[in-house]
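Student: This is the structure, below, for whatever I ask next.
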Amino acid sequence: MPSFASRLAQTFDEFGGVCLGIDPHPFLLETWGLSNDAHGVREFALRAVDAAAGNVGMIKPQVAFFERFGSAGYAILEESFALARSAGLIVIADVKRGDLSSSVDAYGQAWLTPGSPLEADAMTAVAYQGVSELSGPFELARSAGKGIFVLAATSNATARSIQTARIAEGEHEGATVAASVVRDVTALNTESGLGSFGVVIGATVEVADYGIKNGELVDLPILAPGFGAQGAQVEQARELYGDAVANTIVTVSRSVLQEGASQIPAELRSLRSQLREQVR
Numbered sequence: 000m001p002s003f004a005s006r007l008a009q010t011f012d013e014f015g016g017v018c019l020g021i022d023p024h025p026f027l028l029e030t031w032g033l034s035n036d037a038h039g040v041r042e043f044a045l046r047a048v049d050a051a052a053g054n055v056g057m058i059k060p061q062v063a064f065f066e067r068f069g070s071a072g073y074a075i076l077e078e079s080f081a082l083a084r085s086a087g088l089i090v091i092a093d094v095k096r097g098d099l100s101s102s103v104d105a106y107g108q109a110w111l112t113p114g115s116p117l118e119a120d121a122m123t124a125v126a127y128q129g130v131s132e133l134s135g136p137f138e139l140a141r142s143a144g145k146g147i148f149v150l151a152a153t154s155n156a157t158a159r160s161i162q163t164a165r166i167a168e169g170e171h172e173g174a175t176v177a178a179s180v181v182r183d184v185t186a187l188n189t190e191s192g193l194g195s196f197g198v199v200i201g202a203t204v205e206v207a208d209y210g211i212k213n214g215e216l217v218d219l220p221i222l223a224p225g226f227g228a229q230g231a232q233v234e235q236a237r238e239l240y241g242d243a244v245a246n247t248i249v250t251v252s253r254s255v256l257q258e259g260a261s262q263i264p265a266e267l268r269s270l271r272s273q274l275r276e277q278v279r
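Here it is, written out as structure tokens:
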């Protein structure tokens, strides 16, 4: 079974690092002329997957917008994931799960187990209880050829005080919380070159302010929200991530989705071209 790292590297080579976030906000449903209910979300999600196929290599559904419709929302996720998989898209489930080991193990089984109704290619995770508490999902991901992205330096300003706090003792004494997450995740990657496990670093943060050195990110997959509606521009990608831009997944959602389904392919192709100039 190929590793997530190898599949991600192939996707970078073929399509670059642009990823379409599928976030069915109520205002976007209205913009698309769809109802703010499960029927509207289903139509939105399937159209978005169709628009992404062949134009980018990855999608990132924001699971919260589906969960608000209960079991119907989960059924839409299952259908959308299956459609994306058949189109050859990498599916990153943006679920941000985190808990003590026994509970987070179950989250990992739900989202990363081959054959699970909610099987994705990767998931996002929260390490508030420590990266080591995620050992079960990491082990499952490694054996199943899946990926995990752990939140490190996020694009919301309210997280800054926690993520830049310094650790008082232990292995990472003196490092910021964000930097310690980067280092712990890096240590879990056993592949040479690009790893299967990465971190979330928002495009609206100054990486150095979070105690993270660009050199620490070179072989680490970076999931980078914050482009488009949140203010960062694709033309800034190298400035923001340095040489790690080559392994950065640039996620765009509202700024592209608000143009309507028919415009998504052209928007994605334009962003791919812009990012290609940054990676050279």
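Quick note: the sequence shown uses numbering that gives the first Met the number 0, first residue 0, plus one each step.
For glycine and all other residues, C-beta sits at the position ideal for the given N, C-alpha and C.
Computed from a prediction, not measured in an experiment: that's the story for all the values here.
Look at the Cβ atom of Ile211, then the Cβ atom of Val181, and state whether they are nearer than 8 Å.
Tutor: In this structure, Val181 lies closer than 8 Å to Ile211 by Cβ.
Student: Tell me the start and end of each unbroken alpha helix (DSSP H) in the stretch 178-245 that is at least 4 residues and wholly inside, in chain order.
Tutor: The qualifying runs are 236-240.
Student: Could you name the residues of the same chain whose beta carbon sits closer than 6 Å to that of Pro116, not counting the 5 residues immediately before and after it, in chain order?
Tutor: Around Pro116: Glu77.
Student: Apart from the five residues just before and just after Gly16, which ones in its own chain have a Cβ nearer than 7 Å to its Cβ?
Tutor: Same-chain partners within the cutoff: Thr247, Ile248, Val249, Leu274.
Student: Tell me, which residues are paired with Leu19 by DSSP?
Tutor: DSSP, once it has assigned bridges, lists Ile58, Val251 as partnering Leu19.
Student: Determine the closest residue to Ser142 out of Ala71, Leu88, Asp98, Asn188, with distance taken between C-alpha atoms.
Tutor: Cα-wise, what sits closest to Ser142 is Asn188.
Student: Would DSSP call Asp104 helix, strand or coil?
Tutor: Note: Asp104 maps to helix in three-state DSSP.
Student: Which one of Ser70, Pro113, Val130, Gly72 has the shortest CA to CA distance from Gly97?
Tutor: Ranking the options by Cα distance to Gly97, first place goes to Val130.
Student: Between Arg268, Ala86, Ala140, which has its C-alpha nearest Ala105's C-alpha?
Tutor: When only C-alpha atoms are compared, the closest one is Ala140.
Student: Following the continuous alpha helix (DSSP H) through Phe64, name the residue where it begins and the one where it ends.
Tutor: Run containing Phe64: 63-66, per the alpha helix (DSSP H) assignment.
Student: Any idea if Arg41 is buried or exposed, counting beta-carbon neighbours within 10 angstroms, 16 or more meaning buried?
Tutor: Buried, by the Cβ-count rule.
Student: Run the CB neighbour count on Met0, radius 10 Å, all protein chains shown included, and call it buried at 16 or more, exposed below.
Tutor: The residue is exposed, with fewer than 16 neighbouring Cβ atoms inside 10 Å.
Student: Please classify Ile200 as buried or exposed, where buried requires at least 16 other C-beta atoms within 10 Å of its C-beta.
Tutor: That one is buried.
Student: Can you find the residues in the same chain that come closer than 6 Å, C-beta to C-beta, to Ala86, ignoring five residues on each side of it along the sequence?
Tutor: Only Ala52 meet the Cβ criterion.
Student: Which residues in the same chain have their Cβ closer than 6 Å to the Cβ of Val184, if we skip the five residues on either side of it in sequence?
Tutor: So the list reads Val149, Phe196, Val198, once near-sequence residues are dropped.
Student: CB Ile221 to CB Ala243, shorter than 8 Å?
Tutor: Yes, the pair counts as a contact, with Cβ atoms nearer than the cut-off.
Student: Mind checking which residues open and close the beta strand (DSSP E) that includes Thr10?
Tutor: Unbroken run through Thr10 is the alpha helix (DSSP H), 3-14; no beta strand (DSSP E).
Student: Comparing C-alpha positions only, which one of Gly144, Asn155, Leu133 sits nearest to Thr112?
Tutor: Per the Cα distances, Gly144.
Student: Under 7 Å Cβ to Cβ from Glu190, same chain only, skipping five residues before and after it: list those, please.
Tutor: Taken in chain order, the residues that qualify are Ser2, Ala4.
Student: Work out the CA separation of Val278 and Ala245 for me, nearest whole Å.
Tutor: C-alpha separation (whole angstroms): 5 Å.
Student: Which residue or residues does DSSP assign as beta-bridge partners of Ile91?
Tutor: Answer by DSSP bridge pairing, in chain order: Ala121.
Student: Relative to the alpha-carbon of Glu132, which residue among Trp110, Ser100, Ala119, Ala223 has its alpha-carbon at the smallest distance?
Tutor: Here the closest residue by C-alpha is Ser100.
Student: Could you name the residues of the same chain whose beta carbon sits closer than 6 Å to that of Tyr73, not counting the 5 residues immediately before and after it, in chain order?
Tutor: Correct list: empty, nothing qualifies.
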